[in-house]
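One structure is given below, encoded as structure tokens.
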Amino acid sequence: MLQRDAKNYRIHSVSLLLSQIEVRAMSDIDPLLPALQQALEHAKQEAGLAMAALLVTDITCRRSTLYFSPNRVLDIRQVSLPGMTSRKKEVLPWLTRQIANAGR
Numbered sequence: 001m002l003q004r005d006a007k008n009y010r011i012h013s014v015s016l017l018l019s020q021i022e023v024r025a026m027s028d029i030d031p032l033l034p035a036l037q038q039a040l041e042h043a044k045q046e047a048g049l050a051m052a053a054l055l056v057t058d059i060t061c062r063r064s065t066l067y068f069s070p071n072r073v074l075d076i077r078q079v080s081l082p083g084m085t086s087r088k089k090e091v092l093p094w095l096t097r098q099i100a101n102a103g104r
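Written out as structure tokens, the structure is:
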């Protein structure tokens, strides 16, 4: 499930995997979260990445939650992103700013 819509990126020399899952309600994903978080860590380790992240997008309420694997780049495990649904147009610019600020 994690690999269905996953893309690799390099942001400010940080290699990462960003996967996206769309749901009709955030509660739809709750039972799967522990397994998905384990899969994030496994994907990060297997590919030798600095971090892996899962963007869960509620298409009904037009909001997303971004879940991170444990990493040394950002001290965030999850963050709510109200109004953000586009990985490319909204989440990547937000994530780029977070990584840039973490490097300061």
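The numbers in the sequence shown follow UniProt numbering, run straight up by one, and end at 104. Even for Gly, the Cβ is constructed at its ideal location relative to N, Cα and C. Predicted model, so just to flag it, every value in this text is computed and none were measured.
Following the DSSP letters along the chain, one finds K7 inside the beta strand (DSSP E) bounded by residues A6 to I11. In this structure, S15 and A50 form a Cβ contact; the two beta carbons are roughly 5 Å apart against a cut-off of 8 Å.
When rounded, the separation of the alpha-carbon atoms in E22 and A52 is 17 Å.
Note: M51 is bridge-paired with L16 in the DSSP secondary-structure output. Here the alpha carbons of L95 and F68 stand approximately 11 Å from one another. For E22, DSSP records a beta bridge to T57. Taking a contact to require three or more Cβ pairs closer than 8 Å, the segment 23–35 and the segment 3–11 do not qualify as touching. Here S86 is exposed: its Cβ has fewer than 16 other Cβ atoms, across all protein chains shown, within 10 Å. Ranked by Cα distance from I76, the first of L36, P93, L66 and P31 is L66.
In this structure, L74 places its C-beta atom within 7 Å of the C-beta atom of A102.
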